[in-house]
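The next block holds one structure in the form of structure tokens; read it before the comments.
Numbering (the working numbering), first residue to last: 7 to 458.
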């Protein structure tokens with residue numbers, strides 16, 4: 007067939023295009039496919055022990071036993087559907103999760119959950135917490151993800167924050183024989199300028215060098231808690247610059263919705279996860295970091311599931327007091343459930359938890375979300391793969407190629423957190439090996455090659 011253009015004629019523009027495409031792929035690598043925890047539990051550094059995760063799990067199981075002994079009570083407390091045993095299915099999986107892996111991610115907190123203390127006291131707590139992490143690492147009692155949150159890198163707090171970081175990492179490595187927990191991370195709160203992030207990245211690099219760790223072993227994550235983290239003084243988008251200032255170490259960005267709404271002068275009694283300002287924050291952060299490979303986490307529900315009556319000594323609570331406690335816990339659970347579902351529906355698959363009794367509702371909300379979507383997602387993914395990723399119309403739902411990886415990610419996330427079982431993924435028509443490849447394109451290419 008006759009053409010007009012020659013390779014030589016377009017060589018210069020083709021090379022410029024190649025460079026641009028390579029740069030784009032480097033800037034937007036997409037999701038790594040590695041596991042993302044569904045939550046981060048924050049707890050004061052002075053309280054952390056090697057067995058904290060198990061203790062929180064036991065307290066969460068006790069809360070479930072006291073206020074939702076079965077699926078029917080859980081459905082009543084959260085508003086879950088009961089048809090087909092759905093609520094009982096969720097309840098059973100929540101119990102299994104709390105027994106097996108109650109905490110997915112824990113952040114040992116030297117900031118808001120810890121407060122300002124005399125320097126000798128924070129020094130001692132940094133050493134003690136690091137020692138407990140080393141002990142948990144040896145015992146195998148740590149959550150799969152763990153890290154510390156230091157104070158912000160403002161002029162007033164930099165010296166304190168950097169000293170805590172140094173004490174903690176130095177003690178941990180000395181006590182553990184040079185080992186770090188898997189997925190260990192340092193959280194930097196209230197970030198406003200790139201230089202704060204660069205300063206933390208440099209400190210982490212120096213610690214790696216001094217302790218003979220491989221480059222990048224110490225990662226960091228940022229907390230977006232101020233409008234200045236989104237836009238600079240001229241109103242230009244700013245968040246990507248903060249991430250890039252981490253020199254490749256920034257793995258997550260967490261939203262701090264209460265500091266953020268306070269910075270906007272929202273009245274205290276109106277500061278909550280569903281405030282319109284928080285949706286703007288979520289949307290803006292998503293747009294600015296989409297495709298960058300940085301994982302996003304929403305904030306926390308600040309209504310604690312705690313009843314008004316406490317047991318005094320050996321005196322048992324009266325039946326009316328027990329009912330009032332359960333009613334109070336259910337009200338708090340309903341708030342947390344709405345918040346978590348709102349986050350999930352907006353594409354935020356991780357959030358904060360602050361209290362052991364929040365763990366049951368965290369997992370219940372996540373599990374209900376994935377179980378509700380299981381059947382339609384299975385049908386769509388199977389139809390799409392069977393058509394070798396051609397555009398597909400299933401019923402009244404149209405899927406194109408961009409949908410394939412999103413459908414696959416649904417199952418990967420559901421499996422990782424315990425919401426879905428491997429048996430339930432069989433309806434997709436995919437093998438476990440194909441699922442574990444984490445690549446929709448790879449699955450389609452593999453099937454195409456096998457059919458030749």
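All C-beta atoms, glycine included, are put in the ideal place defined by N, C-alpha and C.
Which same chain residues end up closer than 6 Å to residue i when comparing Cβ atoms and leaving out the 5 residues on each side of it in sequence?
{"i": "residue 210", "result": "224"}
{"i": "residue 132", "result": "170, 173, 174"}
{"i": "residue 420", "result": "376, 426"}
{"i": "residue 104", "result": "63, 66, 67"}
{"i": "residue 440", "result": "449"}
{"i": "residue 352", "result": "288"}
{"i": "residue 207", "result": "252, 253, 255"}
{"i": "residue 17", "result": "none"}
{"i": "residue 88", "result": "81"}
{"i": "residue 350", "result": "375"}
CB residue i to CB residue j, shorter than 9 Å?
{"i": "residue 12", "j": "residue 358", "result": "no"}
{"i": "residue 363", "j": "residue 66", "result": "yes"}
{"i": "residue 226", "j": "residue 252", "result": "yes"}
{"i": "residue 118", "j": "residue 195", "result": "yes"}
{"i": "residue 381", "j": "residue 433", "result": "yes"}
{"i": "residue 77", "j": "residue 86", "result": "yes"}
{"i": "residue 260", "j": "residue 193", "result": "yes"}
{"i": "residue 73", "j": "residue 336", "result": "yes"}
{"i": "residue 291", "j": "residue 230", "result": "yes"}
{"i": "residue 44", "j": "residue 372", "result": "yes"}
{"i": "residue 283", "j": "residue 272", "result": "yes"}
{"i": "residue 186", "j": "residue 219", "result": "yes"}
{"i": "residue 529", "j": "residue 221", "result": "No information on residue 529 is available, as it lies outside the stretch 7 to 458 that the chain covers here."}
{"i": "residue 415", "j": "residue 129", "result": "no"}
Under 8 Å Cβ to Cβ from residue i, same chain only, skipping five residues before and after it: list those, please.
{"i": "residue 115", "result": "48, 49, 50, 51, 154, 155"}
{"i": "residue 217", "result": "175, 176, 179, 184"}
{"i": "residue 413", "result": "383, 386, 387, 390, 405, 446"}
{"i": "residue 42", "result": "301, 355, 356, 419, 422"}
{"i": "residue 323", "result": "315, 317, 331"}
Leaving out five residues on either side along the sequence, give the residues of the same chain with a beta carbon under 7 Å from the beta carbon of residue i.
{"i": "residue 341", "result": "307, 309"}
{"i": "residue 142", "result": "56, 148"}
{"i": "residue 84", "result": "339, 340, 343, 367, 370"}
{"i": "residue 135", "result": "51, 54, 114, 174"}
{"i": "residue 277", "result": "264, 267, 268"}
{"i": "residue 327", "result": "315"}
{"i": "residue 138", "result": "54, 55, 56"}
For residue i, name the three-state secondary structure that DSSP assigns.
{"i": "residue 7", "result": "coil"}
{"i": "residue 416", "result": "helix"}
{"i": "residue 354", "result": "coil"}
{"i": "residue 44", "result": "coil"}
{"i": "residue 424", "result": "coil"}
{"i": "residue 50", "result": "strand"}
{"i": "residue 436", "result": "coil"}
{"i": "residue 67", "result": "helix"}
{"i": "residue 186", "result": "coil"}
{"i": "residue 178", "result": "helix"}
If residue i sits next to residue j, beta carbons under 8 Å apart, how far is it from one beta carbon to the other, in whole angstroms?
{"i": "residue 263", "j": "residue 287", "result": "7 Å"}
{"i": "residue 280", "j": "residue 345", "result": "7 Å"}
{"i": "residue 356", "j": "residue 298", "result": "About 16 Å; that fails the 8 Å criterion."}
{"i": "residue 150", "j": "residue 189", "result": "7 Å"}
{"i": "residue 300", "j": "residue 257", "result": "7 Å"}
{"i": "residue 112", "j": "residue 59", "result": "6 Å"}
{"i": "residue 108", "j": "residue 365", "result": "6 Å"}
{"i": "residue 197", "j": "residue 191", "result": "That pair is no contact at about 15 Å."}
{"i": "residue 295", "j": "residue 347", "result": "That pair is no contact at about 22 Å."}
{"i": "residue 99", "j": "residue 424", "result": "6 Å"}
{"i": "residue 165", "j": "residue 158", "result": "Rounded, the Cβ-Cβ distance is 12 Å, inconsistent with contact."}
Report yes or no: is there a C-beta of chain B within less than 9 Å of the C-beta of residue i?
{"i": "residue 434", "result": "Given the protein chain composition of this structure (a single chain), no chain B is represented."}
- Task: Could I get the ranges of all uninterrupted beta strand (DSSP E) runs contained in the segment 268 to 314, with 3 residues as the minimum, in chain order?
- Result: Runs found: 301 to 303.
- Go through the segment 190 to 257 residue by residue and report every complete run of the beta strand (DSSP E) that reaches 3 residues or more, in order. Fully enclosed beta strand (DSSP E) runs of 3 or longer: 190 to 194, 225 to 230.
- Mind pulling the alpha helix (DSSP H) runs of 4 or more residues that sit fully within the segment 319 to 391? Listed in chain order, the complete alpha helix (DSSP H) runs (minimum 4 residues) inside the segment 319 to 391 are 325 to 351.
- Message: Extract the residue ranges of the beta strand (DSSP E) inside the segment 108 to 173, only unbroken runs of 3 or more that lie entirely within it.
- Response: DSSP runs (the beta strand (DSSP E)) wholly in the segment 108 to 173: 111 to 115, 151 to 155.
- Which full runs of the alpha helix (DSSP H) of 4+ residues lie inside the segment 69 to 101, going along the chain? Runs of the alpha helix (DSSP H) inside the segment 69 to 101: 77 to 84.
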